[in-house]
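Those letters in the sequence shown? Residues 381 to 617, per my numbering, in order.
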Amino acid sequence: MKHNIQLIFTLFLWIAIAATSLMAQPSTKVKKMDTRRDVKMVTDSGTFIIRLSDSTPIHRDNFIKLVRSRFYEGISFHRVISGFMIQAGDEKSRIQADSTRFLKDYTLPAEFIPSLYHRKGVIAAARWGDDINPKRNSSGVQFYIVQGRIHNDFTLDSAETYRLKGRKLPLSHREVYKQTGGTPHLDQNYTIFGALVSGFDVLDKIGNTATSGKTGGDKPLTPIRIIQTRMVKRKSS
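Set out below in structure tokens:
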């Protein structure tokens, strides 16, 4: 009888431990309430608060899953170009390889929305070039945040003629590019799925860090890591 009681106690103990372990694991399912939350991304250079766009639901839900699975934690911003953008999501940039979180890159169908444009602070999906990716499908894991630069009518006209193949930028977008900056030549070429609510100072700090330059892949000389990502309650504006 005493032996049976010990077995039952041990069984319940293991069930409790297993339940605790399961609760500690972040869910990779997209909950409806998560679409009404923001993303808090803590880096060793500061914190970003990111608001995801409901206009690009495939990319929104994909990013939520990655945040909830903590995929980005430990990954570095592996490509930084001042006055352009900061990029992260490359598994190989993880400071200490963690095979339990390894995720092979995959693609998502493009979601180009005319109202979403590359103003400073937007977050968008990286992708392979048009020569091998004519449908402009997005990387499932790599993203960039636009730092950009201030434009004038001349640079915007040039972008329309040479980079956008004659497509005109809306006047409202042009005004934003002239006042707060961005990268207009990327419009309707890469999928935007959110924007910074706060952390513009962190964006500039990372964007202006010393790098290896173009010949070295624009890699920061000092690694800049993503420490933590969480879905957080959205503050009322």
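For every residue, glycine included, the Cβ atom is placed at its ideal position computed from N, Cα and C.
Identify the continuous alpha helix (DSSP H) that holds valine 447 and give its terminal residues.
DSSP places valine 447 inside the alpha helix (DSSP H), whose first and last residues are 437-448.
Going straight from the alpha carbon of glycine 420 to that of glycine 596, what length do you get?
Looking at the sequence itself, residue 420 is lysine, so the reference to glycine does not match. In a straight line, the C-alpha of lysine 420 is about 30 Å away from that of glycine 596.
Just reading off the beta strand (DSSP E) that lysine 420 is part of, what are its end residues?
Its beta strand (DSSP E) spans residues 418-423.
Name the one or two DSSP bridge partners that valine 521 has.
For valine 521, DSSP records no beta bridge to any residue.
Among Ile525, His553, Arg605 and Thr487, which one has its Cα closest to the Cα of serine 518?
Comparing alpha-carbon positions, the option among Ile525, His553, Arg605 and Thr487 lying closest to serine 518 turns out to be Thr487.
Residue from Thr560, Lys613, Asp537 and Tyr542 with nearest C-alpha to leucine 549
Answer by Cα proximity: Asp537.
CA-to-CA distance, isoleucine 466 to arginine 499, given in whole angstroms:
Whole-angstrom Cα-Cα distance: 14 Å.
Grab the span of the alpha helix (DSSP H) containing glutamine 559 for me, first residue to last.
Looking at the DSSP string, the run of the alpha helix (DSSP H) that includes glutamine 559 is 551-559.
Provide the residue(s) that pair with valine 582 in DSSP beta bridges, ordered along the chain.
Paired residues: none, contrary to the question.
What residues are listed by DSSP as bridge partners for methionine 611?
DSSP lists Val419 as partners of methionine 611.
Note down, in chain order, each residue of its chain lying with its Cβ closer than 6 Å to the Cβ of isoleucine 572, except the 5 sequence neighbours on either side.
Cβ neighbours of isoleucine 572 beyond the five flanking positions: Leu496, Val502 and Ala504.
Residue range of the beta strand (DSSP E) that includes threonine 427:
Looking at the DSSP string, the run of the beta strand (DSSP E) that includes threonine 427 is 426-432.
Among Arg516, Ile607, Pro603 and Ile493, whose alpha-carbon lies nearest the alpha-carbon of serine 435?
Taking only the C-alpha atoms, the option nearest serine 435 is Ile493.
Is the region 449-459 touching the region 599-610, taking contact as three or more C-beta pairs under 8 Å?
Using a Cβ-Cβ distance cut-off of 8 Å, the region 449-459 and the region 599-610 are in contact, since at least three pairs of beta carbons, one from each stretch, lie closer than that value.
What residue range does the beta strand (DSSP E) around phenylalanine 457 cover?
Unbroken beta strand (DSSP E) run through phenylalanine 457: 457-461.
Using a threshold of 8 Å, state whether the C-beta atoms of methionine 611 and valine 422 are closer than that.
Not a contact, by the Cβ cut-off of 8 Å.
Between the region 516-533 and the region 559-574, are three or more C-beta pairs nearer than 8 Å?
Touching, yes.
Can you tell me whether proline 600 is helix, strand or coil according to DSSP?
Reduced to three states, the DSSP call for proline 600 is strand.
Output the distance between the C-alpha atoms of asparagine 588 and isoleucine 461, rounded to the nearest integer angstrom.
Distance between asparagine 588 and isoleucine 461, taken at the CA atoms: about 8 Å.
Out of Phe464, Leu566, Tyr542 and Lys472, which has the shortest C-alpha to C-alpha gap to arginine 507?
The shortest C-alpha separation from arginine 507 is found at Leu566.
In angstroms with no decimal places, state the Cα-to-Cα distance between glycine 579 and threonine 541.
Their Cα atoms are separated by approximately 33 Å.
If we count the other Cβ atoms within 10 Å of its Cβ and call it buried at 16 or more, is proline 600 buried or exposed?
With 16 or more Cβ atoms within 10 Å of its Cβ, proline 600 is classed as buried.
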